[in-house]
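What the sequence shown shows, in the working numbering, is residues 2 to 159, in sequence order.
All residues carry an ideal CB built from backbone N, CA and C; glycine is no exception.
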Amino acid sequence: SGFPTGRFAFEGFLSVNKRSRDERLREVCDDKRTLIFYEAPHKLIYTLQDMLEVLGDRRIALCRELTKLHEEIIRTTFSGALERYKEKSPRGEYVLIIEGAPEPEKTSLTLEEAAAQVKALRESGISVSDAAKQVAKQTGYKKGELYRLALEDENSTL
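Below, the structure written as structure tokens:
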């Protein structure tokens, strides 16, 4: 996968129940270890969307059909994977290897830069509320402030 292997967490299959799946993803959201999940092809897109919403746009290695004739490893991000599978339906069993949570950045983004991050997440299919929540957590800005700016931006482009 190219991710650190000194410490990792094997999570197996996530629940089919969205609430349980989201709850489990929130539990591992801040885990710095490399995360490993299994996923079936018919649930892959939904799982990637949930992971993008909860974990942020992290790097991922999608390992398909390991040890079999059609083995394939794709290194990308959650948003890149979702883009790929919009055009090509997933096939085969997957092992998802996800980079651990990033160390908190000690950079100071302006409010406009944080709002641009919300917009970028919004364009990848995340709701305005979830995008604002995620960026607020990463930047320290208030979710409501980012949410308001994102809605103003959307209304000004209509």
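Inter-residue CB distance, residue i and residue j (contact presumed, cutoff 8 Å)
i: residue 78; j: residue 58; result: 5 Å
i: residue 1; j: residue 151; result: Residue 1 falls outside the range modelled here, since the chain spans only 2 to 159, and no answer is possible.
i: residue 65; j: residue 73; result: 4 Å
i: residue 12; j: residue 37; result: 6 Å
Residue i to residue j span [Cα, whole Å]
i: residue 161; j: residue 119; result: Outside the displayed range of the chain (2 to 159) lies residue 161, so it cannot be described from this structure.
i: residue 157; j: residue 93; result: 43 Å
i: residue 9; j: residue 102; result: 12 Å
i: residue 100; j: residue 30; result: 11 Å
i: residue 42; j: residue 53; result: 17 Å
i: residue 142; j: residue 39; result: 34 Å
i: residue 172; j: residue 34; result: Summary: the structure shown does not reach residue 172, with the chain confined to residues 2 through 159, and so no result is reported for it.
i: residue 135; j: residue 68; result: 36 Å
i: residue 110; j: residue 71; result: 44 Å
i: residue 107; j: residue 98; result: Unreliable positioning characterises residue 107 in this predicted model, as indicated by a pLDDT of 46, which lies under 50. The coordinate reading is nonetheless provided below. Between residue 107 and residue 98, the C-alpha separation is close to 26 Å.
i: residue 154; j: residue 22; result: 31 Å
i: residue 2; j: residue 147; result: 34 Å
i: residue 4; j: residue 112; result: 31 Å
i: residue 137; j: residue 95; result: 32 Å
i: residue 19; j: residue 139; result: 24 Å
Chain B contact for residue i (CB, 8 Å cutoff)
i: residue 110; result: Going by chain labels, chain B is absent from the structure shown, which holds only one protein chain.
Bridge-paired residues (DSSP) for residue i
i: residue 65; result: 73 and 95
i: residue 127; result: According to DSSP, residue 127 bridges with nothing at all.
i: residue 14; result: 39
i: residue 78; result: 60
Three-state secondary structure (DSSP) of residue i
i: residue 9; result: strand
i: residue 48; result: helix
i: residue 39; result: strand
i: residue 140; result: helix
i: residue 22; result: helix
i: residue 60; result: strand
Own chain residues within Cβ distance below 6 Å of residue i, not counting five before or after
i: residue 125; result: 80
Close-in-space but distant-in-sequence residues of the same chain around residue i (CB under 7 Å, 5 per side omitted)
i: residue 49; result: 79, 82 and 83
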